[in-house]
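The structure under discussion appears below in the form of structure tokens.
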Amino acid sequence: MNARIALWLALGSLLPSTAAAVPVFARKYGVNCTLCHSAYPRLNDFGTRFRMNGYQLPGKESEERTVLETPAPFAARISGGFDLVRQYGAASPEDVTQFRLEGLDLLSAGVLGRHLGYLAVYVPPIPAARGLAGQEGTLEMASAVFRHLGTSWLNLRVGRFEPAYVAFSAKRQLSASPYEIYGFASPGGPAMDETQEGLELWGWGRGGVRYAAGWVNGASSNLLRDVPADAYLRLWYVLGEGEGQTAGQRLGITGQVGLARPQANQAAAREAFFRVAADASLNLRQWNLALQAVWTRDPASLWAAGGVAPSGTALDIWGGFAELSFMPEVSWVLFARGDAVFVPPETGRGEVLRTTAGARFYPVDNLAVHLEYSYRREAPAGTSPELTDHLATARVDFAF
Amino acid sequence: MRPLPRITAVFIAALAAPALAQGLLANRPLPAMPVPADNPQDQAKIDLGHQLYFDGRLSADGTISCATCHVPKTGWANHHPTDTGIRGQVGKRNSGTIIDAGYMRYQFWDGRAASLEEQALGPIHNPIEMGETLENVVRKLNAIPGYREQFRRVFGTDVTQEGIAKAIAAFERTIVSGPSPYDRFRMGEANALGASARRGLELFNGKGHCTSCHGGPAFSDDSFHNLGVGMAAAEPDPGREAITHDRRDRGRFKTPGLRNVAETSPYLHDGSAKTLRDVIDLYDRGGEPNPDLDPLMVPLGLTEREKQDLVAFLEALTGPAPVLEAPPLSPDAPPAPGAGGQP
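First to last, the sequence lines map onto chains A and B.
Start counting the first sequence at 5; every next residue gets the next number (the working numbering).
Start counting the second sequence at 139; every next residue gets the next number (the working numbering).
Take a look at the structure:
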């Protein structure tokens with residue numbers, strides 16, 4: 005049978021007649037997505053504890069079933085819709101006015117034993133064709149999780165994962181528009197929103213203190229596969245009950261050090277970069293305010309253009325965002341965000357400002373109708389024209 | 139058209155077959171009542187248990203029977219926060235309903251009894267509840283020819299502790315809730331639940347996090363949790379810890395089933411929540427803070443309407459349950475005083 009026909013037959017059999025949740029964990033436990041997600045895909049406090057506990061219900065680990073004893077541990081997420089993009093100031097604007105498949109992710113996760121779980125996200129390659137947008141294939145995440153190694157202070161993740169220095173997950177964010185500061189990096193540099201290969205320890209106690217510490221390869225900033233040299237430590241504190249996602253108040257700080265070399269000169273010696281970040285997630289009733297500030301000190305060599313490095317030895321980059329969301333009921337959420345990134349002119353880049361507003365409606369809990377408008381402005385140094393782009397999108401985001 | 143990569147198609151096709159499989163926590167209709175192999179159900183035994191359940195002579199002063207606290211007309215519980223035993227002594231815990239108790243793995247709030255048979259004898263020799271010794275109960279019942287005859291007919295022996303336990307347990311296994319609006323909804327009767335209750339069902343299985351513990355056919359995980367209730371007291375009830383002597387069990391109490399819960403107020407182990415709404419408010423604020431608070435407890439951020447919807451859903455778990463009167467006791471027996479006496 006043609007694979008595409010098989011796919012649609014399979015999809016058809018999965019369409020829910022009620023708001024039945026079917027992604028991996030919801031199907032395993034027979035619950036709704038909203039058990040762990042407030043405004044899917046964003047995790048709520050319960051979901052955060054579930055994730056921290058190695059994909060097992062906290063306090064009920066003895067009742068867990070492995071992937072061999074539960075429904076098939078597979079899920080998929082599809083996002084697609086109509087995009088309107090207008091760019092101004094670019095030499096060759098990439099305007100869009102069309103329907104697009106924004107992404108197809110295949111996911112598998114589950115429990116393999118009392119102390120062992122895993123999560124894998126595979127983005128299959130979809131060839132572009134006339135009238136069809138493609139996507140590059142990649143194994144976005146694949147990690148084994150060793151939970152509670154004698155104490156809740158010691159849990160270990162090994163493999164490819166989203167590091168804990170991303171305080172607000174770039175993989176589970178509300179908006180289609182990216183967090184600018186997480187994606188802002190020197191050419192080929194260590195962007196925060198890249199998944200990384202390595203290991204991460206994390207833990208928590210009865211109080212509000214939590215930590216995560218990791219040692220990772222450096223992803224795209226380490227093309228020669230040198231000895232891993234990127235390390236980070238994140239500490240955060242939760243005041244009140246909850247995990248600061250929708251209840252309680254969360255304050256965090258992060259430090260990261262690493263080695264990177266210019267993308268254009270792989271023969272060069274690696275130089276150290278530093279990153280310090282502070283974040284807060286503040287909750288009041290159905291309101292959430294997410295704040296993130298990041299300072300990065302890059303070696304100037306990372307910003308070399310045409311083989312010429314900017315003057316000075318280091319460049320400081322500041323940025324962050326503030327996102328306000330309001331979720332009066334489980335069936336809809338409103339959000340608005342401002343992003344800003346400030347860079348010295350030696351980088352050849354200018355300040356980036358983005359303003360985003362949107363809404364997500366959940367007619368059933370594993371399907372979101374997403375409306376968003378985002379305006380982005382980048383003012384390069386020198387005489388280059390200002391780059392602006394507008395994105396208006398209407399999408400459906402479906403997990404099954 | 140170029141086909142999808144084979145791995146993609148195979149992966150998604152693998153999703154389809156088990157998509158409708160029941161989850162671990164799913165709330166299904168009640169199955170058949172589990173019956174232990176060494177205590178099969180029969181009508182004579184159930185009738186005997188029925189009499190014993192209502193017989194105050196099982197208590198030291200003849201005033202208290204099982205039915206004194208587990209009253210058929212009030213959902214086989216009663217509406218007092220905690221109950222009063224012999225000589226006016228007041229207990230510390232709420233007497234839960236016996237409806238569907240036979241489905242539970244553990245009995246009592248602290249789970250100290252592993253079966254209905256074990257549970258049935260507990261209140262008899264509890265000094266606050268019925269205050270009698272089991273030896274005395276056996277002696278008293280053996281002195282009543284009618285009971286002695288029934289025990290011989292059912293068990294082939296005179297009255298024994300084991301026989302009393304088995305007969306009461308067999309009777310309690312007949313106290314089962316009937317199909318509720320929720321069950322009828324699950325069976326396909328779309329109008330069995332109103333709009334509010336349907337929204338409540340979604341909340342129950344989602345944002346409310348209720349299913350994490352109140353899962354399964356009886357809406358209980360047969361486990362123990364610390365909600366923080368009463369933990370601020372000078373001498374808090376240790377709950378499960380008193381049985382296991384495990385520090386981690388401090389303040390943990392059994393998850394009660396939720397069928398017919400609307401009939402069994404007040405709630406929680408100490409009866410401190412007068413209404414279902416009070417219970418939901420407790421969960422909404424994430425329980426009462428204490429060092430041993432269950433990690434499953436997090437604030438829920440429920441709106442007023444969501445709370446109302448959850449109450450509506452919980453009310454829809456009410457199905458018809460037997461309401462039995464006290465049976466005539468043995469004619470040779472002396473009149474039984476108190477609530478558990480002769481009709």
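Even for Gly, the Cβ is constructed at its ideal location relative to N, Cα and C.
Just grab the DSSP bridge partners of residue i for me.
{"i": "Y92/A", "result": "T392/A"}
{"i": "H41/A", "result": "L47/A"}
{"i": "P303/A", "result": "A318/A"}
{"i": "W206/A", "result": "N159/A and A216/A"}
{"i": "D359/B", "result": "Per DSSP, none; premise fails for D359/B."}
{"i": "A284/A", "result": "L255/A and L295/A"}
{"i": "M145/A", "result": "V125/A"}
{"i": "Y377/A", "result": "A361/A and A396/A"}
{"i": "V337/A", "result": "R364/A"}
{"i": "D234/A", "result": "V220/A"}
{"i": "G342/A", "result": "A326/A and T359/A"}
{"i": "D176/B", "result": "Note: D176/B sits in no beta bridge, so no partner."}
Comparing C-alpha positions only, which one of the options sits nearest to residue i?
{"i": "A273/A", "options": "A304/A, E67/A and K175/A", "result": "A304/A"}
{"i": "L227/A", "options": "A281/A, L237/A and N269/A", "result": "N269/A"}
{"i": "K304/B", "options": "L452/B, D176/B, G457/B and T271/B", "result": "D176/B"}
{"i": "L88/A", "options": "L111/A, T70/A and A180/A", "result": "A180/A"}
{"i": "G389/B", "options": "I184/B, Q181/B and R231/B", "result": "R231/B"}
{"i": "G259/A", "options": "S378/A, Q249/A, N287/A and A297/A", "result": "A297/A"}
{"i": "G63/A", "options": "S203/B, T441/B, H363/B and C204/B", "result": "H363/B"}
{"i": "F365/A", "options": "P266/A, V28/A and S42/A", "result": "S42/A"}
{"i": "E340/B", "options": "V334/A, A326/A, F277/A and L288/A", "result": "V334/A"}
{"i": "Y241/A", "options": "P232/A, R229/A and R254/A", "result": "R254/A"}
{"i": "A239/B", "options": "G226/B, F289/B, V314/B and L434/B", "result": "V314/B"}
{"i": "Q60/A", "options": "L72/A, V149/A, A398/A and W291/A", "result": "V149/A"}
{"i": "S361/B", "options": "L448/B, D384/B and T393/B", "result": "T393/B"}
{"i": "Q200/A", "options": "Y169/A, N48/A, A282/A and D302/A", "result": "Y169/A"}
{"i": "L279/B", "options": "V461/B, T295/B and G234/B", "result": "T295/B"}
{"i": "P219/B", "options": "D422/B, A454/B, D408/B and A450/B", "result": "D408/B"}
{"i": "P232/A", "options": "R238/A, G362/A and W219/A", "result": "W219/A"}
{"i": "R337/B", "options": "M268/B, G187/B, L162/B and R443/B", "result": "R443/B"}
{"i": "T206/B", "options": "G223/B, T312/B and T456/B", "result": "G223/B"}
{"i": "N165/B", "options": "N343/B, A308/B, N329/B and E267/B", "result": "N343/B"}
{"i": "A459/B", "options": "V209/B, E327/B and Q446/B", "result": "V209/B"}
{"i": "A450/B", "options": "Q179/B, Y241/B, L414/B and P465/B", "result": "L414/B"}
{"i": "V71/A", "options": "P97/A, Y126/A, R31/A and A171/A", "result": "R31/A"}
{"i": "G202/A", "options": "G187/A, R229/A and R214/A", "result": "R229/A"}
Please state if the CB of residue j and the CB of residue i are separated by a distance shorter than 8 Å.
{"i": "G244/A", "j": "G252/A", "result": "yes"}
{"i": "G192/A", "j": "S225/A", "result": "yes"}
{"i": "F404/A", "j": "A189/A", "result": "no"}
{"i": "S1/A", "j": "G107/A", "result": "Because chain A in this structure spans residues 5 to 404, residue 1/A falls outside the shown range and cannot be described."}
{"i": "H347/B", "j": "L438/B", "result": "yes"}
{"i": "N370/A", "j": "F402/A", "result": "yes"}
{"i": "G425/B", "j": "G246/A", "result": "no"}
{"i": "I237/B", "j": "W214/B", "result": "yes"}
{"i": "F293/B", "j": "G284/B", "result": "no"}
{"i": "E198/A", "j": "V356/A", "result": "no"}
{"i": "L452/B", "j": "L396/B", "result": "yes"}
{"i": "L105/A", "j": "A137/A", "result": "yes"}
{"i": "T38/A", "j": "K345/B", "result": "yes"}
{"i": "G249/B", "j": "I381/B", "result": "yes"}
{"i": "P429/B", "j": "R399/A", "result": "no"}
{"i": "A282/A", "j": "I257/A", "result": "yes"}
{"i": "F192/B", "j": "P465/B", "result": "yes"}
Open item on the list: Which complete beta strand (DSSP E) runs does the region 248-278 of chain A hold, if anything under 3 residues is left out?
Closed with: Entirely contained in the region 248-278 of chain A, the beta strand (DSSP E) runs reaching 3 residues are, in chain order, 253-264.
Open item on the list: Suppose only complete runs of 3+ residues qualify. What are the beta strand (DSSP E) ranges in the region 375-441 of chain B, listed by chain order?
Closed with: For the region 375-441 of chain B, not a single whole beta strand (DSSP E) run of length 3 or above is found.
TODO: Select from the region 355-377 of chain A all residues with a C-beta closer than 8 Å to any C-beta belonging to chain B, and list them in chain order.
DONE: From the region 355-377 of chain A, only D369 have a Cβ closer than 8 Å to chain B.
Task: Any beta strand (DSSP E) of 3 or more consecutive residues that is wholly inside the region 100-142 of chain A - done: Runs found: 100-117 and 120-127.
Task: Contact set between the region 319-350 of chain B and chain A, restricted to residues whose Cβ is under 8 Å from the partner - done: Going along the region 319-350 of chain B in chain order, one finds E340, L341, N343, G344, K345, H347, T349 and S350 with a Cβ nearer than 8 Å to chain A.
Task: chain A contacts made by the region 410-441 of chain B, where a contact means CB separation under 9 Å - done: If the cut-off is 9 Å between Cβ atoms, the region 410-441 of chain B has R423, G424, G425, P427, P429, D430, L431, D432, P433, L434, M435, V436, P437, L438, G439 and T441 near chain A.
Task: Under 9 Å (Cβ pairs) to chain B, residues found in the region 270-293 of chain A - done: If the cut-off is 9 Å between Cβ atoms, the region 270-293 of chain A has N287, R289 and Q290 near chain B.
- [ ] Mind checking the region 376-397 of chain A against chain B and listing, in chain order, the residues whose C-beta falls within less than 8 Å of any C-beta there?
- [x] Of all residues in the region 376-397 of chain A, none has a C-beta nearer than 8 Å to a C-beta of chain B.
- [ ] Could you run through the region 189-216 of chain A and flag, in chain order, every residue whose CB is less than 7 Å away from some CB of chain B?
- [x] Within the region 189-216 of chain A, the residues whose Cβ lies closer than 7 Å to some Cβ of chain B are R210, listed in chain order.
Open item on the list: Taking beta-carbon pairs under 7 Å, can you tell me which members of the region 328-339 of chain A lie near chain B?
Closed with: So the close ones are P332, E333 and V334.
TODO: Return the residues of the region 225-245 of chain A that lie within a Cβ-Cβ distance of less than 7 Å from chain B, sorted by chain order.
DONE: Near chain B, meaning a CB-to-CB distance below 7 Å, the residues of the region 225-245 of chain A are E245.
Task: Inside the region 201-259 of chain B only - alpha helix (DSSP H) runs reaching at least 4 residues - done: As far as the region 201-259 of chain B is concerned, its whole alpha helix (DSSP H) runs of at least 4 residues are 204-207.
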